[in-house]
Amino acid sequence: MSDLFKLADKTFNSRLIIGTGKYRSFTEMQDAHTASGAEMVTVAVNRVPLDRATESFLDYLNPQMQILPNTAGCFDAEHAIRTARLAREALETDWIKLEVIGDKVTLLPDNEQTLEAARILVKEGFIVLPYFSDDLIMARKLLDIGCPAVMPLAAPIGSGLGVQNPANLKIMREQLPDAVIIVDAGVGVPSDAAMAMELGADAILMNTAIAEAKNAAQMATAMKLAVQAGRLGYLAGRMPKRLYASASSPIEGAIR
Amino acid sequence: MIITVNGETKEIVREINLGELLELLALPSERIAIELNREVVRKKDWAHITIKDADKIEVVHFVGGG
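Chains W and B are the protein sequences, given in the same order. Mapped onto this note's numbering, the consecutive letters of the first sequence carry residue numbers 401 to 656. Mapped onto this note's numbering, the consecutive letters of the second sequence carry residue numbers 657 to 722.
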């Protein structure tokens with residue numbers, strides 16, 4: 401069964417988007433990327449160091465992969481917009497993962513600044529994929545101004561806490577049936593990824609859960625399978641929850 | 657003249673353009689972007705823009721991230 405993931409003007413086979421940060425080596429990152437089956441990877445925009453030569457990090461990425469630059473490290477709309485423009489110039493891509501952080505301790509998003517930046521970037525022709533708090537009303541606003549998808553967090557970035565508020569994700573899915581919802585941040589283990597997909601997420605973006613695993617490539621495989629399993633489970637439609645038991649084997653006709 | 661590049665103060669003794677600045681600082685010219693006083697400068701314009709005193713320049717590339 402064909403179940404392609406459509407996002408803006410592109411189509412992907414994989415519903416797993418992965419990061420490029422925190423890996424212990426480039427080789428480990430490459431192995432994990434291959435194992436994950438991901439077709440899109442995120443990268444960060446950063447100042448070129450002036451005191452030493454640097455190798456091109458991008459050379460370590462599979463050229464088949466779509467590169468999604470982010471605006472990580474930006475604490476207001478203005479910095480995020482400047483970062484997005486720089487990324488577009490350097491990579492010749494209109495795609496941007498918009499991230500405007502409100503607080504250094506929690507790295508929770510500043511939704512107000514995110515919306516402001518998204519509005520301007522959409523007008524400038526960017527494909528804006530915004531990271532934001534798992535809030536239905538905010539999701540609606542981001543979609544209304546022209547974001548092709550919304551990326552609610554499951555838990556704080558790099559926390560690995562898993563889906564902290566499944567009800568919010570479920571409500572978002574039910575109220576925005578046509579929206580592309582990508583759960584971004586907070587996944588720790590494969591069951592978290594499966595759960596988010598079972599709740600109806602269209603895709604998952606993760607970095608730390610794979611990069612900080614003892615065996616990153618193995619975890620990447622596990623995440624790939626979990627995303628697939630969760631997706632299939634969602635499409636299949638779950639059984640109703642019941643407070644009491646419902647026998648699987650016939651009770652009538654059992655010997656007495 | 658004194659300029660700021662990526663937050664660091666640099667003294668430039670002769671008139672140079674943005675492309676020459678990259679060479680002077682031994683920075684790569686591929687898959688990077690330059691911002692001059694908060695405005696992105698297209699790559700095709702690097703050779704045509706001469707650096708002035710007190711300019712603030714950002715040169716960015718890509719690193720691992722999530």
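Glycine included, C-beta positions come from ideal geometry on N, C-alpha and C. What you are looking at is a predicted structure, and each value in this text was computed from that prediction instead of being measured.
Nearest residue (CA-CA) to residue i, options the options
| i | options | result |
| --- | --- | --- |
| W/MET551 | W/THR514, W/PHE426, W/ASP409 and W/VAL448 | W/THR514 |
| W/ASP476 | W/GLY502, W/PHE457, W/ASP459 and W/ALA453 | W/GLY502 |
| W/ASP584 | W/ALA408, W/GLY419, W/MET639 and W/LEU407 | W/GLY419 |
| B/GLY720 | W/SER533, W/VAL448 and W/VAL587 | W/VAL448 |
| W/GLU612 | W/ILE467, W/VAL505 and W/GLY560 | W/GLY560 |
| W/MET440 | W/ASP535, W/TYR644 and W/ASN607 | W/ASN607 |
| W/GLY562 | W/GLN466, W/ASP592 and W/LEU553 | W/ASP592 |
| W/GLN430 | W/PRO463, W/MET623, W/ASP535 and W/ALA408 | W/PRO463 |
| B/LEU676 | B/GLU714, B/ALA703, B/PHE718 and B/LYS699 | Checking the displayed sequence, the identity of residue 676 of chain B turns out to be Glu instead of Leu. B/GLU676 has its Cα closest to that of B/ALA703, out of B/GLU714, B/ALA703, B/PHE718 and B/LYS699. |
| W/ASP403 | W/SER646, W/ARG642, W/LEU632 and W/LEU643 | W/LEU632 |
| W/ARG482 | B/ALA689, B/LYS700, B/ILE668 and B/LEU678 | B/ALA689 |
| W/PHE426 | W/ILE571, W/PHE457 and W/ALA408 | W/PHE457 |
| W/LYS504 | W/ILE582, W/LEU486 and W/PRO556 | W/PRO556 |
| W/MET538 | W/PRO509, W/ALA408 and W/HIS479 | W/PRO509 |
| W/GLN628 | W/ALA490, W/LEU486, W/GLU492 and W/ALA596 | W/ALA596 |
| B/ASN662 | W/CYS474, W/ASN446 and W/ASP459 | W/ASN446 |
Same chain only: Cβ atoms within 8 Å of residue i, ignoring 5 sequence neighbours per side
| i | result |
| --- | --- |
| W/ASP494 | ARG488, GLY525, PHE526 and ILE527 |
| W/LEU625 | PRO590 |
| B/GLU664 | none |
Residues near residue i in its chain [Cβ-Cβ closer than 7 Å; skip 5 each side]
| i | result |
| --- | --- |
| B/ASP711 | ILE659, LEU692 and ASN693 |
| W/ALA472 | ALA444 and GLU499 |
| W/LEU542 | LEU515, ALA518, PRO530, PHE532 and VAL550 |
| W/LEU521 | ILE481, ALA484, ILE496, LEU498 and VAL528 |
Residue i versus residue j - alpha carbon distance
| i | j | result |
| --- | --- | --- |
| W/CYS547 | W/ALA654 | 59 Å |
| W/GLY637 | W/ASP544 | 29 Å |
| W/MET639 | W/VAL580 | 24 Å |
| W/THR454 | W/ASN568 | 43 Å |
| B/ALA682 | W/ARG452 | 9 Å |
| B/LYS699 | W/GLN564 | 44 Å |
| W/GLN466 | W/GLY586 | 22 Å |
| W/ASP578 | W/GLU598 | 16 Å |
| W/ALA647 | W/PRO566 | 28 Å |
| W/CYS474 | W/LEU507 | 10 Å |
Beta-carbon proximity list for residue i, same chain, < 6 Å, skipping 5 on both sides
| i | result |
| --- | --- |
| W/GLU428 | ALA616 |
| W/ASN470 | THR442, ALA444, LYS497 and GLU499 |
| B/HIS717 | ILE688 |
| W/LEU468 | MET440, THR442, TRP495 and LYS497 |
beta-carbon residue i near the ligand HEM non-hydrogen atom, thresh 7 Å
| i | result |
| --- | --- |
| W/ALA518 | Among the ligands in the structure shown, none appear at all, so the ligand HEM cannot be discussed. |
Under 8 Å, with one C-beta from each stretch per pair, do the stretch 593 to 603 of chain W and the stretch 406 to 418 of chain W reach the 3-pair mark? yes
When the Cβ atoms of the stretch 427 to 439 of chain W are set against those of the stretch 614 to 627 of chain W, are three or more pairs found closer than 8 Å? yes
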